[in-house]
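Visitor:
Residue numbers (the numbering used here): 15 to 83.
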């Protein structure tokens, strides 16, 4: 059975000009970067660490960008 991709929300904070990624499904995920590309790389690295530390499996994830004003 295929698992749905885990949703990760990326919000652009215009005040400090960074993207911040968090997820309601993954406790402990909170990373930031100047660009979406850099954020995706940091999210991938953080997921490796979270999986190793917590021992859970994650088939796939999806980064959902949103902008704030």
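Even for Gly, the Cβ is constructed at its ideal location relative to N, Cα and C.
(1) Buried or exposed for residue 67, please, with buried defined as at least 16 other CB atoms from any protein chain shown within 10 angstroms of its CB.
(2) For the alpha helix (DSSP H) that contains residue 48, what are its first and last residues?
(3) Starting from residue 35, follow the beta strand (DSSP E) in both directions and report where the run begins and ends.
(4) With a threshold of 16 other CB atoms inside 10 Å of the CB of residue 30, please say whether the residue is buried or exposed.
(5) By alpha-carbon positions, which one of 50, 32 and 62 ends up nearest to residue 73?
Guide: On the basis of the coordinates in this document:
(1) On the chain shown, residue 67 is found 53 positions in, with the first residue counted as 1. Around the CB of residue 67, fewer than 16 other CB atoms lie within 10 Å, so the residue is classed as exposed.
(2) Position 34 of the chain shown holds residue 48. No alpha helix (DSSP H) holds residue 48; DSSP gives it neither H nor E.
(3) Along the chain shown, read from residue 1 onward, the residue named residue 35 stands at position 21. First-last of the beta strand (DSSP E) with residue 35: 32 to 36.
(4) As a working mapping, residue 30 is identified with position 16 in the chain shown. So residue 30 ends up on the exposed side.
(5) Here residue 73 is taken as the residue at index 59 of the chain shown, counted from 1. Here the closest residue by C-alpha is 62.
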